[in-house]
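Line order of the protein sequences matches chains A and B.
First residue of the first sequence? That's 2 in the working numbering, and the numbers climb one at a time after it.
First residue of the second sequence? That's -6 in the working numbering, and the numbers climb one at a time after it.
The beta-carbon is built from N, C-alpha and C at its ideal position, and this holds for glycine as well.
Contents: one structure, followed by commentary.
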Amino acid sequence: MKDQTYLDRESILTPGISKISAKNVNVYYDDVQALKDVSVEIGKNAVTSFIGPSGCGKSTFLRCLNRMNDTIDICKVTGQILLEGEDIYDPKIDPVQLRAKVGMVFQKPNPFPKSVYDNIAYGPKIHGLANTKSDLDEIVEKSLQRAAIWDEVKDRLSSPATGLSGGQQQRICIARAIATSPDILLMDEPCSALDPIATAQVEELIDELRENFCVVIVTHSMQQAARVSQKTAFFHLGSLVEFGDTEKIFTNPNDPRTESYITGRIG
Amino acid sequence: MALTGVFYSLMVLAFLAFFVSRFLTLKTVKGDIRRLHSRPVYYGLNSLFLTVFPAVILLIFWSFAQAILIDGKVKQQIPENFITEDAPLNLIMSEVDRLSEGLKQLVDQGTLSAAKIKNEDSELFGIEDKLESAGVFLSSSISPEVLSASRTKFAMEAFGSSIRNWLAILVSVLGFLWSLKNSTAEFRARNHVERITLFLLGTAATLAIFTSLGIVLSMIFEALRFFGMHPWTDFFFGSTWAPSFSAGSELSILPLLWGTLYISFVALLVSVPIGLYSAIYLSEYASKPIRAIAKPLLEILAGIPTIVYGLFALTTFGPLLRYFFGDGGFLGVEWMSDSRSVITAGVVMGMMLIPFVSSLSDDIINAVPQTLRDGSYGLGATQSETVRKVILPAALPGIIGAILLAASRAIGETMIVVLGAGAVAKFAGNPLEALTTITTRIVSQLTGDLEFDSPETLVAFALGLTLFTITLGLNVLALYIVRKYREQYE
């Protein structure tokens, strides 16, 4: 574990650039430890991907970053996660406010059974981001444009979002997350329920989002991690094995376990 | 041979069939089970089924056919001039039934022999005393016509039954022997048993369906008889409910329907908010230990018999209301003259419906996918925002279905309204006044020893049929809505 922290310091930890810094995060589901001593620094304006075999804790760690694990009764988190220097597990922090700042996109497209417009307007409405109807219209339009789906749905904003195709639904969910103007976007295997064409569209979108957001993506596909991310973290059996530039991880990993996973020997 | 004898014989044969065919099959392979197509128990079962079922089916059908045939024959035997206004055919026939039943009892006790009943009239003089000492009571003295009809009936029944019983045993033995032929290693006993099981299950389902069909048909026939005696326009469009057994009854369903709907509405007003909120609490907020305790507690309410709710309405809740709103009561108002009222029955019925609404809504809320909740929480929505804006809208069709089901329960509910609602049939708006419902009137029209031949009694069937149509419609609508909603997420 020590080597790994050392590695982090050397290759990543440049003060002022990291957005999220996690220190010694442990997560337990009842008695089962799902994450062991994870420490990581996630940079601004970059796409960071978490890879690793199933059950390695990458999704669990992602869900720690916006405290979604709070909704699971048996889940216990220890350690420290700083978001721009503020501890998000501080009792002063309201998880509800936090989640508006840290948007999340899920594995399966989960638009609400409402119209496209109401889906996007949901977050701004509950957080009071728009005073007038025209403000709200503007937020909706902007979010849909940034999620690269405006042209496809502008004529059917009032039809149900559940009637769109899988790829469109997932981009609607991304637009919905963008609409609350978060700093960070967490994506939990956002393409695993999509076909290759929809995947390509969403990946392209992720690359564009990098300009304005800090994106963290959990993925099963190593190719996807290689395509969209600048930094990659490899998780194995609940520990963070290696974290570094994507290029380095995929070409010249330090840890033999990372190499085994990338070359397909484990996982 | 008596019927019990047949059953014992069938049991013995079944027992034999099972073990003999199992044994024979095992013998053909010299005890090497692996060479059998099926496990030995299936050969035994196949044999057992073939021994028992054809015989039982024969018994059932023969008995029905025999009863119908004999009834027709005996009816023909009663001279036409014997049938009068005071003693119609159906009364005479029930007398005949009772007497032949009595004769059977005497024979069973050994006081009389079957042959004597058949041949010698002389033995039958003074039969009243014999019957009385045997514990059979007849309403009037026995006329020769009734006696001779009973004797015919007794003789035919005795004859028919003995043939039936011997035939059943014969069929059973034949089935047994036939099944022994199949005691070979190649015989697919397992598949045969499977097919017989399927047949049994199918029979059970068919019986259930035919029973409901029979109920509906009998209701329709009796209701048609009613509409033959009473104008349907008065029933459906009249405005007064005033049955009088002398003449000139006004029998309109509308005032009763008003009372029914009013009380059901009050019941829903109580049960829907409480039931729905408790469902939301239990499924979204309650922690596991609380849920584990609260849910069964709530469901205890569903296990209380409705008559107990009725008693509660009559003896506790009604008087309590009256204490507040009644004559010289706590509030000094005189709004309530009787402890029975729309509110009394409605509120108590609402209590009864709470677990119904809550457990249905709970299922429906739980069926809303977790991903929708995650999506909402992920956007920074609070729990109550998620419930209000995502979960309830998504579950709404299902919840409406649950409410409709509760409404149909409320409309068909009987005991609570019989005890709590009162008996006044009118169009009244004051919820503290007594009103009456369709079910209450059905009960009161049929209480007592009545003949079903006047419009005042037959109206019960028309009322019942209307009620059935309403609740069936509501149920179908509710199930349609619930099912349509469920499909969305599967």
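Residue i to residue j span [Cα, whole Å]
i	j	result
B/Ile246	B/Pro424	20 angstroms
A/Ala149	B/Ser264	48 angstroms
A/Ser193	A/Leu66	21 angstroms
B/Leu17	B/Arg32	13 angstroms
B/Leu460	B/Leu200	24 angstroms
B/Ser176	B/Val186	14 angstroms
B/Asp446	B/Asp227	19 angstroms
A/Lys20	A/Leu238	25 angstroms
B/Ser141	B/Lys123	17 angstroms
B/Trp382	A/Gln34	It is worth fixing the name first, because residue 382 of chain B is Lys in this sequence and not Trp. Those two C-alpha atoms are separated by around 35 angstroms.
B/Leu170	B/Thr190	21 angstroms
B/Leu269	A/Leu241	46 angstroms
B/Ile297	B/Ile409	12 angstroms
B/Asp320	B/Ala240	37 angstroms
B/Ile463	B/Pro236	23 angstroms
B/Asp367	B/Ile283	23 angstroms
B/Tyr316	B/Ile393	36 angstroms
B/Gly65	B/Glu94	17 angstroms
B/Asp331	B/Leu291	31 angstroms
B/Gly325	B/Phe420	26 angstroms
B/Val436	B/Pro390	35 angstroms
A/Ile127	B/Ser232	53 angstroms
B/Ile487	B/Leu51	There is no way to answer for residue 487 of chain B, as the model of chain B reaches only from -6 to 483.
A/Arg10	A/Ser261	Its pLDDT being 41, under 50, A/Arg10 is placed unreliably in this model, and the coordinates cannot settle the point.
B/Ala60	B/Phe11	33 angstroms
B/Met4	B/Gly153	22 angstroms
B/Phe230	B/Ile431	15 angstroms
A/Thr15	A/Val41	Residue confidence is low: A/Thr15 scores 46 on pLDDT, short of 50, so the model does not pin down where it sits. No coordinate-derived value is stated.
A/Ser12	A/Gly245	Bear in mind that a pLDDT of 41 at A/Ser12, under 50, signals an unreliable position, so the model cannot answer this.
A/Lys1	B/Phe305	Examination of residue 1 of chain A is not possible in this model, given that chain A is present from 2 through 268 alone.
A/Gly44	A/Cys215	7 angstroms
B/Pro362	A/Asp256	40 angstroms
B/Ala279	A/Ala180	31 angstroms
B/Phe75	B/Ala58	27 angstroms
A/Gln169	B/Ile358	27 angstroms
Neighbouring residues, chain A, relative to residue i (Cβ below 9 angstroms)
i	result
B/Ser280	Asp74
Neighbouring residues, chain B, relative to residue i (Cβ below 9 angstroms)
i	result
A/Thr181	Leu372, Gly373
Within chain A, the residues that residue i reaches when beta carbons sit closer than 7 angstroms
i	result
B/Phe466	Per the sequence shown, the amino acid found at residue 466 of chain B is Gly instead of Phe. The contacting residues do not exist; B/Gly466 stays about 27 angstroms from chain A at best.
B/Leu365	Asn111, Phe113
Residues bridged to residue i (per DSSP)
i	result
A/Ile82	A/Ala23
A/Lys126	Its beta-bridge partners do not exist; DSSP assigns none.
A/Ala234	A/Phe51, A/Phe244
B/Ser298	One point to set straight first is that residue 298 of chain B is Pro, not Ser, in the sequence displayed. Paired residue(s): none; B/Pro298 is not in a bridge.
A/Tyr30	A/Val33, A/Cys76
B/Trp234	B/Leu244
A/Cys215	A/Ile185
B/Met329	B/Gly319
B/Asp64	BP columns for B/Asp64 are empty, so no partner.
B/Val13	For B/Val13, which the question treats as bridged, DSSP gives no partner whatsoever.
B/Ser126	B/Ser126 pairs with nothing; no bridge assigned.
A/Val141	Bridge partners of A/Val141: none, in fact.
B/Gly371	BP columns for B/Gly371 are empty, so no partner.
Beta-carbon separation (whole angstroms), residue i vs residue j, contact threshold 8 angstroms
i	j	result
B/Asp355	B/Ala272	4 angstroms
B/Val259	B/Gly339	3 angstroms
A/Ile173	A/Pro191	That belief does not hold up - the Cβ atoms of A/Ile173 and A/Pro191 are roughly 12 angstroms apart, past 8 angstroms.
B/Val89	B/Val67	6 angstroms
A/Leu99	A/Asp189	No, A/Leu99 and A/Asp189 are not in contact; Cβ-Cβ is about 17 angstroms, not under 8 angstroms.
A/Asn120	A/Arg68	No, A/Asn120 and A/Arg68 are not in contact; Cβ-Cβ is about 23 angstroms, not under 8 angstroms.
A/Gly104	A/Leu195	Actually they do not touch by this definition, with Cβ atoms about 19 angstroms apart.
Contacts of residue i in chain B (Cβ-Cβ under 8 angstroms)
i	result
A/Arg177	Gly368, Leu372
A/Ile43	Here the premise fails: no neighbours, minimum Cβ distance about 18 angstroms.
A/Asn67	Gly371
Listed by chain order, chain B residues near residue i by CB distance under 7 angstroms
i	result
A/Met223	Here the premise fails: no neighbours, minimum Cβ distance about 25 angstroms.
Legend entry - Contacting positions in the segment 371 to 391 of chain B - beta carbon closer than 8 angstroms to chain A: Answer set for the segment 371 to 391 of chain B: Gly371, Leu372, Gly373, Ala374, Thr375, Glu378, Lys382, Val383, Pro386, Ala387.
Inset, instruction - Give the residues from the segment 96 to 118 of chain A that approach chain B closer than 9 angstroms (Cβ to any Cβ), ordered along the chain. - result: Shown in chain order are the members of the segment 96 to 118 of chain A whose Cβ falls below 9 angstroms from a Cβ of chain B: Pro96, Val97, Gln98, Leu99, Arg100, Ala101, Lys102, Val103, Gly104, Met105, Val106, Phe107, Gln108, Lys109, Pro110, Asn111, Pro112, Phe113, Pro114, Lys115.
Inset, instruction - Determine which residues of the segment 122 to 147 of chain A have a Cβ less than 7 angstroms from any Cβ of chain B, and write them out in chain order. - result: Cβ proximity to chain B below 7 angstroms picks out Tyr123, Gly124, Ile127, His128 from the segment 122 to 147 of chain A.
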